[in-house]
Structure formats: structure tokens, C-alpha cells
């Protein structure tokens, strides 16, 4: 890929979604934009960039920007973390809130496997402490197409075999004539999906008890990480927890959140981690 | 090192699977049908079996039923690996004693994920 073309697309990714794509990973740009280039009949990435620059089409630019974001996810990715959310974090939050209601947000949830994994866990392994609670699961992603795919709840041959046991597959999914597998209507109805750019204010989404923003920040530039995390922090109820992917942390990014004492990878409002630990 | 017996009448599938399974740090044994696999199990029971469904001489299902009746045959973790991927076939494999099921075609990610599912990796 020509340097000029790479620079244009990398700049678009940075400005629109905070993604920092190094030159060494220019192949990611080609791979992620190839379907759009084919559909639009562009012979090269240079043609695509030329079109972006010559036509002021914000919808097309937004589609390109969304396509540049990684969609890689799978069912029960980091199962231990999801299990602990269900067995430990949510019951504690329920006890503390006294509302009988819990809200969970999968930020940057791609095609929905993370949120659906939580829904499956809550169905199959509901801890007694959560019985009767109203648990709302929201998954958001920057990409409209991805959000729509998640909402439909249909997954391909490879997707249902990454992280999902065969027993769970045949219990909760139906094989369609197309060869795809469709999640049960009941489980689909337990997750809401919305298109949302994490760089934008999340006020409209409401406040949450648990936010999972896993393996999202690591692809972002530092200023974007700060903006995203501080926007998420504003949507956390008092005592709420943010969960990052393994290897991700907020040291040097924000002083609004600090590591949770009793949950590796968990972050809580600054000044509350010690209080949480002593209360527990 | 754990051992994995790959049972498939396709030499190509065995070769591809063996490469992936070796990367997961298993010693690999290979059999081209259920009867040959049964003989190998009687000599040395493996820790894991990756098992095709349709094979000559003895198919995967008959092999699995026989294996589970053998002394020590309850121990190997059996991952079926088949193109028969409707719920009815999958349920039948599970009823006969399969621990997991891979729908062909598969890749390294799927095989590793399924092995992890049953605690093999």
C-alpha cells in the first residue's frame, strides 16, 4: 500500500474511532476494507481513498471508519472473567443497589458474542443470589452492520465453534437451512444492541453496574483511550466496575478510576477501591 | 506428554489434524478406521481421541461404543469430528460417550477451543 494511501486511512481511523494502526499493520487496513472496495468496484485502496476525498459523503466515510475497527471476538472469550462477573460481581452489585435491577454494558461488543455469553451463563448457571433480579444487557459497537448482525443472533460455522461447547450450541441454537446457527429467541431478547462510537458521549445509554470494555482500548491511541475511559466512567453508577481485557490497564491514562482490590482487570471509581475491600 | 489418537480414513485430514495437535504438545497416533483404532487403544489407551464418523471397517460411532466398554475406555476424552453436523447426529454422538464435537471443516482455533473445552489444553 502506498504511504500516502496508508496515511489517509490511518488518519481516518484515528480521528473517527481512536484506532492507532501502525504502518507495519497496513495489511489490516486492506483486509478490513476489501469487502467495501469489492462492493464499490474499486480496483485499489488508492481508488477508495480518492473517492473518499473527492466525494463529501459522511455516510460512506463513517462506514469506512467503522470497517477499520477490529471485529475479532468469540463466545466465552476469557471465560473465567465472565464467570466471575456472574458469580461474584453482579451478586455484590445487586446486594449493594437494593433496586433488584442490574445493568451491564459490553462496550465495543462487536458481533455480540460477549453479551450473549453472559446471557447464556445467566441462563445456565444463574447464582441463587441473582434469582429474581432484572438484568439488562446492552452491547454497543461503532459499526452499524456489525450491530445489526449481533441483533439477529445468527452465527456461522466457525463462529459457533470458537469458545462455545457443543452442548451449549445444541441447547441454545438452531441450525438454519443456510448452515448458520441462530440463538434462541429467548436469549436474543435478553440483550439490547445499539450503534455507538465510544469516542462520543455515552449519556444516552444510561448508567451501569458493570461495564466490559475488553480488548478494545489496546488498539487505540493514548488520547483516545483516555477519552473513552472517562466517558465510560461517567456512565458508571457509584460502586460500579469496569472490566478490561487481560493485559490492558489504565495506568497513566486516567486518574478517575483505580484497580479494584478483589478483581484482577477490574477498575472502580478512584478513592473507592479500599472502601470496597473493607466493606467486603 | 499426553497422547492423542487421530482416527480418520482421510490421510489428508489426519495430517492436518496431527500438525495442529502436535502444536498443542501431544504425542500423536493415527488410525485409518475404527477397528485399527480399537487395536491401538487396547495396546495403549490414549488421553484423547479425535474421531471421524464415516469410516470403512468400523465407523466412529461403533468404535466409540466399543471403546467405552473396554477396560480403561472411559478415560480418554473423545472429540468427534464430522461433517454430520445436525443436532440429531450431534446428540447421538454425545449419547454414545463423546465429550465434544467438531463440525468439519475445522481449523487450529476450533480444535484448540474444543480441546480447551474438555480440559485437554
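Protein chains in written order, with the working numbering: chain A, 1 to 280; chain B, 1001 to 1121.
In this text, a Cβ means the ideal position worked out from N, Cα and C, and glycines have one as well.
Closest Cβ-Cβ distance between residue i and chain B: below 8 angstroms?
i, result
"residue 24 (chain A)", "no"
"residue 175 (chain A)", "yes"
Residue i: buried (16+ other C-beta within 10 angstroms of its C-beta) or exposed?
i, result
"residue 103 (chain A)", "buried"
"residue 237 (chain A)", "buried"
"residue 116 (chain A)", "buried"
"residue 1039 (chain B)", "exposed"
"residue 1020 (chain B)", "buried"
"residue 2 (chain A)", "exposed"
"residue 1011 (chain B)", "exposed"
"residue 204 (chain A)", "exposed"
"residue 1023 (chain B)", "exposed"
"residue 122 (chain A)", "buried"
"residue 1031 (chain B)", "buried"
"residue 225 (chain A)", "buried"
"residue 56 (chain A)", "exposed"
"residue 176 (chain A)", "exposed"
"residue 1086 (chain B)", "exposed"
"residue 1001 (chain B)", "exposed"
"residue 142 (chain A)", "buried"
"residue 31 (chain A)", "exposed"
In whole angstroms, give me the CA-to-CA distance for residue i and residue j.
i, j, result
"residue 19 (chain A)", "residue 51 (chain A)", "22 angstroms"
"residue 255 (chain A)", "residue 232 (chain A)", "13 angstroms"
"residue 293 (chain A)", "residue 217 (chain A)", "The shown model of chain A, from 1 to 280, leaves out residue 293 (chain A), and the question about it has no answer."
"residue 999 (chain B)", "residue 1094 (chain B)", "For residue 999 (chain B) there is no data in the structure shown, the boundaries of chain B being 1001 and 1121."
"residue 1049 (chain B)", "residue 82 (chain A)", "29 angstroms"
"residue 64 (chain A)", "residue 33 (chain A)", "7 angstroms"
"residue 140 (chain A)", "residue 193 (chain A)", "6 angstroms"
"residue 24 (chain A)", "residue 73 (chain A)", "22 angstroms"
"residue 10 (chain A)", "residue 189 (chain A)", "37 angstroms"
"residue 202 (chain A)", "residue 195 (chain A)", "11 angstroms"
"residue 209 (chain A)", "residue 221 (chain A)", "27 angstroms"
Say whether chain A places a C-beta atom closer than 8 angstroms to the C-beta of residue i.
i, result
"residue 1010 (chain B)", "no"
"residue 1117 (chain B)", "yes"
"residue 1020 (chain B)", "no"
"residue 1006 (chain B)", "no"
"residue 1109 (chain B)", "yes"
"residue 1101 (chain B)", "yes"
"residue 1091 (chain B)", "yes"
In chain order, what residues of the same chain lie with their CB nearer than 6 angstroms to the CB of residue i, ignoring the 5 residues before and after it?
i, result
"residue 1100 (chain B)", "1079, 1114, 1117, 1118"
"residue 1035 (chain B)", "1057, 1058"
"residue 266 (chain A)", "241, 243, 260"
"residue 76 (chain A)", "117, 163"
"residue 106 (chain A)", "114, 115, 139, 212"
"residue 125 (chain A)", "none"
"residue 1008 (chain B)", "1014, 1052"
"residue 144 (chain A)", "195"
Excluding sequence positions up to five away, which residues of its chain have a Cβ less than 7 angstroms from the Cβ of residue i?
i, result
"residue 156 (chain A)", "180"
"residue 94 (chain A)", "102, 129, 130, 133"
"residue 183 (chain A)", "116, 153, 172, 173"
"residue 273 (chain A)", "258, 259, 260, 261"
"residue 1074 (chain B)", "1068"
"residue 111 (chain A)", "71, 73, 146, 149, 150"
"residue 87 (chain A)", "127"
"residue 1064 (chain B)", "1051, 1078, 1096, 1097, 1098"
Kindly list the residues whose CB is nearer than 8 angstroms to the CB of residue i, restricted to its own chain and excluding five residues on each side of it in sequence; keep chain order.
i, result
"residue 270 (chain A)", "255, 256, 257, 258"
Is the CB of residue i under 8 angstroms away from at least one CB in chain D?
i, result
"residue 71 (chain A)", "Included in the structure are the protein chains A and B, with no chain D among them."
- [ ] Select from the stretch 1061-1089 of chain B all residues with a C-beta closer than 8 angstroms to any C-beta belonging to chain A, and list them in chain order.
- [x] 1085, 1086, 1087
- [ ] With 9 angstroms as the C-beta to C-beta threshold (strictly closer), list the residues of the stretch 151-170 of chain A near chain B in chain order.
- [x] 157, 158, 160, 161, 162, 163, 164, 165, 166, 167, 169, 170
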